[in-house]
Amino acid sequence: MNANRKWRHQFQLWREGDCSSVNVERLLKRHRSIGLDLEVIQASLITLHSHLDRRHLQPQLLPPALLLHPDQWDPRTSCIDELACLSHHTELGNLDELLPSGKLNQILNGELSLYGDLPPIPIQAYLDGMKQPQRRLCRQNQHSALEHLAGEGWRRFRTLQPVATGLDRYHPVVLPRFDHQPQHIREALVVLDGTRETAQYLAVRGGWKDVIWSTLDDLATLRRCIEQLRPERISLCSGFDELALGARC
3 MNANRKWRHQ
13 FQLWREGDCS
23 SVNVERLLKR
33 HRSIGLDLEV
43 IQASLITLHS
53 HLDRRHLQPQ
63 LLPPALLLHP
73 DQWDPRTSCI
83 DELACLSHHT
93 ELGNLDELLP
103 SGKLNQILNG
113 ELSLYGDLPP
123 IPIQAYLDGM
133 KQPQRRLCRQ
143 NQHSALEHLA
153 GEGWRRFRTL
163 QPVATGLDRY
173 HPVVLPRFDH
183 QPQHIREALV
193 VLDGTRETAQ
203 YLAVRGGWKD
213 VIWSTLDDLA
223 TLRRCIEQLR
233 PERISLCSGF
243 DELALGARC
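Numbering (the numbering used here), first residue to last: 3 to 251.
Here is the structure:
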């Protein structure tokens, strides 16, 4: 019996309750190595699904639990983060509504993103563009593309690590820029009038290390102090002013 006929036979037996889903799941996992046609699989699985497009019904795209038991599927068992998903899709009352609401199909189509900090991407494009190390990880963990996107792919994307071509292009690019704020320059606060103690208080409150105080009738001394300190930047205020905490910044 060839693989396609065996699949149809096992699938029918399972649907009629004459065997468990174990044999069907085993065929799903081995479909490529045994020559089981994807179109044959999809023709059978579409009879179970009213909320997903036929093209998404692939073992590499979706986990067996979703493919074979959509009415019992728990998204949490497929690496989907409940808090991240529900905080993004606020119209969902709970995570169990993800499939019957049609949201999951829109996510798989690339019309919606799974989480708020993930860009929308068609699940097939995600699989096609997945980096080789991530493909190996999927094989090792027996994870589908959806499970990888929801878990490891999401984690790597948030830490700017390579995942898949379709996601990596959304990583922010650091552009060269002119630093208009020179570092380690000498700044001074010049306080006119008031008292020396007030000037020191204003400097500490505002964040200045150096302060120059002078009265308005002794500007010659003020000029001499500035020449001696030679600050690169001067901020000027009155001894009767009020400065905000950290005003220098």
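Ideal Cβ positions, reconstructed from N, Cα and C, are used throughout, including at glycine.
Close-in-space but distant-in-sequence residues of the same chain around residue i (CB under 7 Å, 5 per side omitted)
i             : result
aspartate 181 : Residue placement at aspartate 181 is flagged as unreliable, the pLDDT there being 49, under the threshold of 50; a coordinate-derived value is accordingly withheld.
glycine 168   : Ile123, Ala127, Tyr128 and Gly131
proline 233   : Arg188, Glu189, Ala190 and Asp212
glycine 153   : Cys81
leucine 120   : Trp156 and Phe159
serine 103    : Leu94
arginine 17   : none
Nonlocal neighbours in the same chain, by C-beta distance under 6 Å from residue i, ignoring five residues either side
i             : result
proline 77    : Leu97 and Leu100
proline 164   : Lys133 and Asp170
valine 192    : Ile214, Ile236 and Leu238
aspartate 39  : Asn6
isoleucine 36 : Ala5
alanine 166   : Tyr128, Gly131 and Met132
arginine 86   : Looking at the sequence itself, residue 86 is alanine, so the reference to arginine does not match. The answer, listed in chain order, is Tyr117.
leucine 162   : His173
arginine 253  : It is not possible to answer for residue 253, since the shown part of the chain is limited to 3 through 251.
DSSP-derived helix/strand/coil call for residue i
i             : result
leucine 139   : helix
valine 213    : strand
arginine 255  : With the chain covering 3 to 251 only, the question about residue 255 has no answer from this structure.
leucine 247   : coil
leucine 194   : strand
asparagine 6  : helix
glutamate 199 : helix
histidine 173 : coil
glycine 208   : helix
leucine 15    : helix
leucine 110   : helix
aspartate 181 : Any answer about aspartate 181 is weak, because its pLDDT of 49 lies below 50 and its placement is not dependable; what the coordinates show is given next. Correct three-state label for aspartate 181: coil.
Supposed close pair residue i, residue j - CB separation, criterion 8 Å
i              : j            : result
leucine 231    : alanine 205  : Contact doesn't hold; Cβ gap of about 13 Å is too wide.
asparagine 111 : histidine 53 : About 12 Å separates the two Cβ atoms, so there is no contact after all.
lysine 31      : proline 72   : So it is not a contact: roughly 18 Å between Cβ atoms.
Beta-carbon proximity list for residue i, same chain, < 8 Å, skipping 5 on both sides
i             : result
threonine 223 : Ser216
arginine 198  : Trp215
valine 42     : Asn6, Trp9 and Arg10
glycine 241   : Val193, Leu194, Asp195, Gly196, Thr197, Thr200, Ala201, Leu204 and Trp215
histidine 90  : Ser115, Leu116, Tyr117 and Gly118
arginine 250  : Glu189, Leu191, Gly208, Gly209, Trp210 and Ser237
cysteine 227  : Ile214 and Ser216
leucine 252   : The first residue shown for the chain is 3 and the last is 251, placing residue 252 beyond what the model contains.
histidine 51  : Leu59 and Pro72
State whether the stretch 54 to 71 contacts the stretch 26 to 42, with contact taken as three or more CB pairs (one from each stretch) at a distance under 8 Å.
yes
Alpha helix (DSSP H) segments (min. 4 residues) lying fully within the stretch 19 to 107
24 to 31, 33 to 36, 40 to 47, 66 to 70 and 84 to 90
Quick one: complete alpha helix (DSSP H) runs, 4+ long, within the stretch 219 to 244?
List check, alpha helix (DSSP H) in window: 221 to 231.
May I have a chain-ordered list of the alpha helix (DSSP H) segments no shorter than 4 residues that lie completely inside the stretch 120 to 167?
125 to 130, 134 to 143, 147 to 150 and 156 to 160
I want to know whether the stretch 116 to 128 touches the stretch 147 to 164 - three or more CB-CB distances under 8 Å.
yes
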